[in-house]
């Protein structure tokens with residue numbers, strides 16, 4: 001059930017075993033379903049964004065292989081959708097609270113499955129030069 005506008009989305013447990021269980025669970029689901037299977041949905045108000053099994057170039061399989069998947073990655077994706085700012089790449093990003101603010105995490109939307117599907121998500125290692133305050 002989708003949370004209503006303004007409702008917080010509960011995060012996953014943070015123990016290592018819970019993260020390992022989520023990876024194993026997602027692995028099992030993706031082995032028994034096709035690339036378009038929805039593993040999880042993230043929300044920004046009433047808007048819904050899906051994480052699908054995907055392939056090596058998009059979705060959960062891509063994120064797991066290229067950027068790693070654990071409870072922290074899941075929380076960062078949730079935070080980017082829930083409270084991040086549009087990043088101009090068809091997704092949402094979180095930024096530092098410093099001045100100037102620096103992008104620290106990015107999501108990008110748009111897959112063969114649809115425009116509101118999570119293509120990738122990753123920590124921004126080389127932030128662009130920020131505007132002066």
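Numbering (my numbering), first residue to last: 1 to 133.
Built from N, CA and C at the ideal position, the CB exists for glycine as well.
For residue i and residue j, what's the separation of their Cα atoms in angstroms?
| i | j | result |
| --- | --- | --- |
| residue 48 | residue 118 | 11 Å |
| residue 52 | residue 101 | 31 Å |
| residue 73 | residue 79 | 10 Å |
| residue 69 | residue 23 | 7 Å |
Going by alpha carbons, who is nearest to residue i out of the options?
| i | options | result |
| --- | --- | --- |
| residue 99 | 132, 44, 37, 64 | 132 |
| residue 91 | 66, 120, 71 | 120 |
| residue 55 | 30, 70, 40, 107 | 30 |
| residue 112 | 44, 39, 59, 83 | 59 |
| residue 107 | 81, 45, 97 | 81 |
Using the beta-carbon count (16 or more within 10 Å), is residue i buried or exposed?
| i | result |
| --- | --- |
| residue 93 | buried |
| residue 85 | exposed |
So who's on the other strand from residue i, going by DSSP bridges?
| i | result |
| --- | --- |
| residue 93 | 85, 106 |
Specify the secondary structure class of residue i as computed by DSSP and reduced to three states.
| i | result |
| --- | --- |
| residue 113 | coil |
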